[in-house]
Amino acid sequence: MIRSTKKNLESAVKRSIKVDSKNLWFQSRSRLSLPLQFTQQRFNSGTKDGKDDDQKKESKSYLITSGLVFVTGVLAGTVYSSYNISLHPPEALFPRSSITKLYDLSPPVYGGPTDLANAIKDLREFLKEDQISENQSELKDHADTYFNSHHAGPTQISKYIIYPKSTEEVSKIMKICHHYIIPVVPTSGLSSLEGHFIPTRGGICIDCSHMDKIVSIHKDDLDVVVQPGIGWESLDEELAKYNLMIGVDPGPGAMIGGCIANSCSGTKALKYKTMKENVVNLTVVLADGTIIKTKKRSTKSSAGYNLNGLFIGSEGTLGIVTEATLKLHVKPKVEHVAVVSFPTIEDSAKVCAEVVAQGIDVNAMEMVDDKMMMYINRSGELSKKFDELTTLFFKIGGDSKDEIKHRSEKLRILCKQNNNSSFQFAESPEDKEELWSARKVALWSTINYGRANISSDIQIWTTDVAVPISNLPIILKEMKKEIEDSGLNATLVAHAGDGNFHSFLLFKPEQRATAQYLVDRMVKKALELEGTCTGEHAIGYGKREYLVEEMGEDVVALMRKLKMSLDPLRILNPDKIFKIDPSDHAH
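The structure is reproduced here in structure tokens:
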């Protein structure tokens, strides 16, 4: 069929350019100039020898012939061009490929100052005065934080912050931004760590933190409908009244919108999994303002594509989540905390792998290295002092104390087989809170130690990787040694039950290259061990190159294809996860 079409097209092209050579006068001149040549001949010929009529007829014949040649040439060129385009379409106009390589794209073009001014004028028609801010302090806070691993440049700042209060307002905002081609950075808690909300293209920031309502709680169905601006801690506090909780517990201050955008997890991931497994449905506003709902509220569905999976972890690059239905879990009737110390980080990691392999049911399993325990002791945050050794924190839950006692005994035997130094067990609420708080103050303890003992302008690089749980002892042992050899002060903590660990690297500004080297080594080692460059912090602006190393160019190009399908103007959180501009030469 294709060959037959090709022959027909070639034949048509040949037929369309077939002319009588006797009636043409090319003489190496452009075909497009023939009418002018014939016109010049006509006026130069005069009326000599009484041949005026014949010359007029001849000139007229030339003009008609040249016109026919011109039209025939245009038609032939059109047919031939159409034929070539059908075989080799320009990718920018006819993107038939299943993927979009970076250099298939042209640099994005965004609206200028006049467009932005017109957009803000349109926004003021339906938003209140306090919903639009250009306060410089707020703008800086929405561009960067101390905790970011990569920081905003001097021009990377939004011009305005918009505070919507409903899905409908977000939709109207996006329709206007789409019309004027204004870049948009969606935010909520501003607690992410990899430069996710750096406004690389200026534009506006849509801050969803004012959309903080619990829409409805369905106790019998074990789900809750919320807006993106509610903090996970506030939500859990309200759910506790019904003896319920959500499945994730990320860092303090995180809001549900960001938890979904980055596919977060936390200390409960071993038992209750990550945000991906805890979302029932999402309401999303797309780049052009279209409002969609990914599915109905039934827990189970095999209808159509898994759109939840598309938007969870997309970091605001495909759409803005304005409402979410989350799965709920019944709080354990009884839950105790065990704190176990070990002489080496390798011993503790082996216990983690064996707990999973043996199917010992624990609600949480966290690891903190010896330096971190030292920093916690020196922080003064807790009344209790701990052994300054690598330590595992367990939450053991069940329906009765006897059930917990049985699991705890199995855990105690396993730890003893792996050289544990001590085993503390807490039953009272006060003791449980005190022991578990040691894990929760890890980051702050590290920063406080650095400022007090290293330098007042100490910087921190917080990063994470994840590996299959059986490979956790290998990577922790190797990275612990590399960090010690580097001369930097750093601590390691892990959501050890799913192979995800974090490093808090302390460094002076002049030591940033060393910190970067250690992060590179950590990622490369994780990838060698069939792991990932990030377990829960996500890619953002800082780990784009690592994503290419991990997934390969074609997989990233497929992601870019999805981006270009949903956001062809590239206005939603530009430059995050992967590059969208061939002239972008940043990390």
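Just so you know, we're using my numbering here: the sequence shown kicks off at 3 and counts up by one. In this text, a Cβ means the ideal position worked out from N, Cα and C, and glycines have one as well.
Scanning its chain for C-beta atoms nearer than 6 Å, with the 5 sequence neighbours on each side dropped, one finds around residue 183 the residues 112, 113 and 571, in chain order. Per DSSP, reduced to three states, the secondary structure at residue 189 is strand. The straight-line gap separating the alpha-carbon atoms of residue 519 and residue 576 is approximately 26 Å. A distance below 6 Å between beta-carbons, with the five flanking residues on each side excluded, links residue 224 to the following residues of its chain, in chain order: 330. By alpha-carbon distance to residue 356, the top candidate from 420, 208, 379 and 201 is 420. By the C-beta density criterion, residue 325 is buried, having at least 16 other C-beta atoms within 10 angstroms. Beta-bridge pairing by DSSP links residue 430 to no other residue. The continuous beta strand (DSSP E) containing residue 282 extends over residues 281-287.
Going by DSSP, residue 217 is part of no alpha helix (DSSP H) but of the beta strand (DSSP E) stretching over 216-220. Runs of the alpha helix (DSSP H) lying entirely within the region 323-388 and spanning at least 4 residues, in chain order: 347-360 and 372-381.
Per DSSP, residue 493 is one residue of the beta strand (DSSP E) stretching across 491-497. The DSSP assignment places 461-468, 491-497 and 502-509 as complete runs of the beta strand (DSSP E) inside the region 430-512, in order along the chain (cut-off: 3 residues).
Per DSSP, residue 415 is one residue of the alpha helix (DSSP H) stretching across 403-419.
Here DSSP, grouped into helix, strand and coil, assigns residue 173 to helix.
DSSP lists 342 and 369 as the bridge partner or partners of residue 394. Around the beta-carbon of residue 138, fewer than 16 other beta-carbon atoms lie within 10 Å, marking it exposed.
Contact between residue 540 and residue 127 does not hold, since their C-beta atoms are separated by about 35 Å, which reaches or exceeds 8 Å.
The residue among 517, 321, 549 and 349 with its C-alpha nearest the C-alpha of residue 477 is 349. If the five residues before and after residue 448 are omitted, its C-beta is found closer than 8 Å to the C-beta atoms of 374, 377, 462, 493, 506 and 508, all from its own chain and listed in chain order. Ranked by Cα distance from residue 135, the first of 315, 488 and 160 is 160. Ranked by Cα distance from residue 317, the first of 452, 305, 546 and 472 is 546.
With contacts defined as CB atoms closer than 7 Å, residue 194 and residue 211 fail to qualify as a contacting pair. The straight-line gap separating the alpha-carbon atoms of residue 308 and residue 74 is approximately 53 Å.
In this structure, DSSP gives residue 290 a state outside helix and strand, which the three-state scheme calls coil. With a 10 Å radius around the Cβ and a threshold of 16 neighbouring Cβ atoms, residue 347 comes out buried. The Cβ neighbour count for residue 459, taken over all protein chains shown within 10 Å, is under 16; the residue is labelled exposed. Under the three-state reduction of DSSP, residue 149 is assigned to coil, being neither helix nor strand. Per DSSP, the continuous beta strand (DSSP E) segment holding residue 162 begins and ends at 162-164. In this structure, residue 525 sits away from residue 469, with a CB-CB distance that is not shorter than 7 Å. Checking the DSSP bridge columns, you'll see residue 574 partnered with 186.
Cα atoms of residue 284 and residue 251: separation of roughly 19 Å, rounded to the nearest angstrom. Residue 234 and residue 141 have their C-alpha atoms some 24 Å from each other. The three-state secondary structure of residue 228, taken from DSSP, is strand. Within the same chain, Cβ atoms closer than 6 Å to the Cβ of residue 172 are found at 166, 287, 322 and 324, the five residues on either side in sequence being excluded. Note that the C-beta distance between residue 335 and residue 404 is not below 7 Å. Residue 561 carries a helical assignment under DSSP once its states are collapsed to helix, strand and coil.
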